[in-house]
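Chemist: Here it is, the structure in full.
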């Protein structure tokens, strides 16, 4: 059993995506979803700062890890159990900018929760996105359970679940990896290590450098990957998905990345991070890095870049306009769906 | 009708449901080869195999969290918590996750899952094998809490719980497992969730209880009859959602009510039952509503004298009922 943590380094070259089996179109599609996730997020901050919506929680900086992994899965067949930053994951799995904005404005039509949850608490049965709450890392056990059901029915669906390095401290993270390891379930445990749990740095979260090293304790491989390199993330996820589909069990993927914004619109990250550190990571922005690669590879030409910008902007504009005007839930909705089947004696 | 014990009825319900529906499976500690520490799942591992009777790691949050995920993906898990006293590590998964899945997705998700937990005292189980947990969980919207007292209800309510689209906490009183024997109808014999039952009709006063205490109350009613006091015994059967109509009806009928439970007094189920009565049947009362419960001490000491002092029993209920009858 391979249990040594593997470090996957970003590779050079102009043909990386093709070497991974990605067509130019697929590579561009990944870029566009990353751009869309970022653009929706940026718009949310703008609207929040204008006082038009109460709360935003961000994906910025982590889109490479999110889309890189999600792109290795089959939406509608495979499952994801995301956490609250995973805009890139859910957009890849079929959510739209409009869905995001409906959730952001807490409208009745919000497909995640009908305006009941804060933004970022994704969930759609149709899209195979397991609903998430706010207590962290509970979703890792749900992912193990989803995968158990796939195993029981002898289906080859893979379930990917996502969490931060802070979430890795929760007991549920341990219990989920332990259970998935025992039964060799088809699960990808994807740790988006952005260095901070709100203000607490990784050094105060754990005594080790790599979350992925813990995989050895569960009997499956752990892989450390540059989370700001979308193609590297795709590469390790593709391998992990293949392993899972072959029935060889889970993989723990640790994508080293960074949160480019504060934890949320209610946080002030200047209290615990230096401007220099943030600037250093902004220079490693996964979207800009990928754009450079695609451009050098001759895939992303100026016209294509303009067309993507136009499409993304248009989607965000339309989504914002639609959602801001969409109706709120009414007080009558308050007591609906406490139960699927209400029992009134 | 064949006569069975509570534990036999529970086992039969699971066996029949697993036979009927391939999506039903069991997960918990020692449920496999061992057949459960109380033998609730005895023989099922052999019959249904390791993927439908799963021996989990010794981790309660794992048991419930995995069950939630499986329920998301089309299965109907029965998660066994070995003793109700050990459910605390799973509370985050039960309260924050299972109870909220439907509500937080406006009905997009629902969790057809059962959490079975042996509860209650009187078995020298001491502080960590005797607890009552119903009030804690009944407080949580989105959960259903059922508490059968007889073999027929144990089977019928477990079947209803397995087929229910929402998470059901199914509490089985471990003292009743082999103590209480009764007729169990052949076939499904579904007992609907949310329906109390008058187990004995009477006119002078009402005893409202569930679990082991319900069986004690039936014994008390027999003794009271010998004294010329006609006691009605209402078995709540489901704690949440509570059958308010049945509570109101028996109050209006007798005008005197004693609520009995072995859970702690403060914020217990009796307090809720009494509030229902005060809000809906105050005018029918001929005496103040009474409750007999365990005291507000941790349940419950190992020492025999202390255990006896903690638990309501037939003598204590009888004394309290006589007091109520005299008013």
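Protein chains in written order, with my numbering: chain Z, 991 to 1335; chain G, 64 to 390.
Even glycine gets a Cβ: it sits at the ideal position worked out from N, Cα and C.
With a floor of 4 residues, list each alpha helix (DSSP H) that falls wholly inside the region 116 to 147 of chain G, ordered by position along the chain.
Modeler: Counting whole runs of 4 or more residues, the region 116 to 147 of chain G contains the alpha helix (DSSP H) stretches 123 to 135.
Chemist: Measure the CB-CB distance between residue 131 of chain G and residue 160 of chain G and report whether it falls below 9 Å.
Modeler: Taking 9 Å as the Cβ cut-off, residue 131 of chain G and residue 160 of chain G qualify as a contacting pair.
Chemist: Grab the span of the beta strand (DSSP E) containing residue 1164 of chain Z for me, first residue to last.
Modeler: Premise fails: residue 1164 of chain Z lies in the alpha helix (DSSP H), 1161 to 1172, not in any beta strand (DSSP E).
Chemist: Check for me: the beta strand (DSSP E) holding residue 392 of chain G runs from which residue to which?
Modeler: Outside the shown range of chain G (64 to 390) lies residue 392 of chain G, about which nothing can therefore be said.
Chemist: On a Cα-Cα basis, can you pick out the residue from Z:1005, Z:1002, Z:1216, Z:1032 that is closest to residue 1310 of chain Z?
Modeler: Taking only the C-alpha atoms, the option nearest residue 1310 of chain Z is Z:1032.
Chemist: Keeping to the same chain, check which residues put their C-beta closer than 8 Å to that of residue 109 of chain G; ignore five residues upstream and five downstream.
Modeler: Taken in chain order, the list of residues that qualify is empty.
Chemist: With a CB to CB cut of under 7 Å and the five nearest residues on each side skipped, what residues in its chain are close to residue 1004 of chain Z?
Modeler: Result list for residue 1004 of chain Z: 1286, 1287, in chain order.
Chemist: Quick one: any contact between the region 101 to 108 of chain G and the region 148 to 158 of chain G, if contact means 3 or more CB pairs under 8 Å?
Modeler: As far as the Cβ criterion goes, the region 101 to 108 of chain G does not touch the region 148 to 158 of chain G, which means the pair count is below three.
Chemist: Note down the Cα distance separating residue 1199 of chain Z from residue 1321 of chain Z, rounded to an integer number of angstroms.
Modeler: The alpha-carbon atoms of residue 1199 of chain Z and residue 1321 of chain Z are separated by roughly 49 Å.
Chemist: Would a check of beta-carbon distances place residue 1214 of chain Z closer than 9 Å to chain G?
Modeler: By this cut-off, residue 1214 of chain Z is not an interface position.
Chemist: Can you grab the Cα-Cα spacing for the pair residue 1073 of chain Z / residue 1319 of chain Z, in whole Å?
Modeler: Going from the Cα of residue 1073 of chain Z to the Cα of residue 1319 of chain Z covers about 25 Å.
Chemist: Using CA atoms only, rank isn't needed, just tell me which of G:98, G:390, G:353 is closest to residue 380 of chain G.
Modeler: Ranking the options by Cα distance to residue 380 of chain G, first place goes to G:353.
Chemist: Residue 303 of chain G lies in the alpha helix (DSSP H); which residues open and close that run?
Modeler: That residue, residue 303 of chain G, is in no alpha helix (DSSP H); its beta strand (DSSP E) goes 301 to 303.
Chemist: Determine which residues share a DSSP beta bridge with residue 207 of chain G and list them.
Modeler: The partner list for residue 207 of chain G (beta bridge, DSSP) reads G:231.
Chemist: Could you compute how far the alpha carbon of residue 327 of chain G sits from the alpha carbon of residue 359 of chain G?
Modeler: Computed Cα separation, rounded: 5 Å.
Chemist: Between the region 130 to 145 of chain G and the region 1126 to 1142 of chain Z, do at least 3 Cβ pairs fall closer than 8 Å?
Modeler: Flag = yes, the region 130 to 145 of chain G and the region 1126 to 1142 of chain Z touch.
Chemist: Using the beta-carbon of each residue, which ones in chain Z are nearer than 8 Å to residue 166 of chain G?
Modeler: Those within 8 Å of residue 166 of chain G in chain Z are 1106, 1327, 1328.
Chemist: Quick check: is the beta carbon of residue 179 of chain G nearer than 9 Å to any beta carbon in chain Z?
Modeler: Residue 179 of chain G does not count as touching chain Z.
Chemist: Compute the beta-carbon to beta-carbon distance between residue 265 of chain G and residue 317 of chain G, rounded to the nearest angstrom, for a pair I have assumed lies under 8 Å.
Modeler: That belief holds up - the Cβ atoms of residue 265 of chain G and residue 317 of chain G are roughly 7 Å apart, short of 8 Å.
Chemist: Using only the alpha-carbon positions, how far apart do residue 1169 of chain Z and residue 203 of chain G sit?
Modeler: Rounded to the nearest angstrom, the two C-alpha atoms are 28 Å apart.
Chemist: Do you know how far the Cα of residue 1143 of chain Z is from the Cα of residue 124 of chain G?
Modeler: So the alpha carbons of these two residues sit roughly 23 Å apart.
Chemist: If you count every other CB in all the chains shown that lies within 10 Å of the CB of residue 229 of chain G, and 16 or more means buried, which is it?
Modeler: It is buried - the Cβ of residue 229 of chain G has at least 16 other Cβ atoms within 10 Å.
Chemist: Can you name the residues of chain Z whose CB is closer than 7 Å to the CB of residue 172 of chain G?
Modeler: What residue 172 of chain G touches in chain Z: 1113, 1115, 1121.
Chemist: With burial defined as no fewer than 16 other Cβ atoms inside 10 Å of the residue's Cβ, what is the status of residue 71 of chain G: buried or exposed?
Modeler: Residue 71 of chain G is buried by the Cβ-count criterion.
Chemist: Report, in whole angstroms, the separation of the C-beta atoms of residue 1175 of chain Z and residue 1151 of chain Z, which I expect to be a contact under 8 Å.
Modeler: In fact, because the Cβ distance is near 11 Å, the residues do not count as touching under 8 Å.
Chemist: Quick check on residue 1196 of chain Z: does DSSP put it in helix, strand or coil?
Modeler: In the structure shown, residue 1196 of chain Z sits in coil (DSSP, three-state: anything other than H, G, I, E or B).
Chemist: Go through its chain and collect everything with a Cβ distance to residue 143 of chain G's Cβ below 6 Å, but skip five positions before and after it.
Modeler: If we look at residue 143 of chain G and ignore the five residues flanking it on each side, its Cβ neighbours are 91, 94, 179.
Chemist: So, under 8 Å CB-CB, residue 1112 of chain Z and residue 1284 of chain Z are touching, yes? Tell me the CB distance rounded to an integer number of Å.
Modeler: Not really, about 27 Å apart at Cβ, beyond 8 Å.
Chemist: Can you list the residues of chain C that residue 1307 of chain Z reaches, using a CB-CB cut of under 8 Å?
Modeler: The chain inventory of the structure shown lacks chain C, comprising the protein chains Z and G.
Chemist: Report the start-end ranges of each alpha helix (DSSP H) in the region 270 to 324 of chain G that is 4 residues or longer and not cut off at the edges.
Modeler: Whole alpha helix (DSSP H) segments, 4+ residues: 275 to 289, 307 to 317.
Chemist: Using the three-state DSSP reduction, which class does residue 347 of chain G fall into: helix, strand or coil?
Modeler: Helix at residue 347 of chain G.
Chemist: Counting only beta-carbon separations shorter than 9 Å, does residue 1135 of chain Z have a partner in chain G?
Modeler: Answer yes: the Cβ-Cβ gap between residue 1135 of chain Z and chain G drops below 9 Å somewhere.
Chemist: Within its chain, find whatever has a CB closer than 6 Å to the CB of residue 270 of chain G; leave out the 5 residues flanking it on each side and keep chain order.
Modeler: Around residue 270 of chain G: 280, 294, 296, 321.
Chemist: 9 Å is my cut-off, CB to CB: does residue 1063 of chain Z come that close to chain G?
Modeler: Chain G contact via Cβ: absent.
Chemist: Short of 6 Å in beta carbon distance, which residues of its chain neighbour residue 1093 of chain Z, apart from the five on each side in sequence? Order them along the chain.
Modeler: The answer, listed in chain order, is 1100, 1102, 1109.
Chemist: Any beta carbon from chain G within less than 9 Å of residue 1142 of chain Z's own beta carbon?
Modeler: So yes, residue 1142 of chain Z belongs to the interface.
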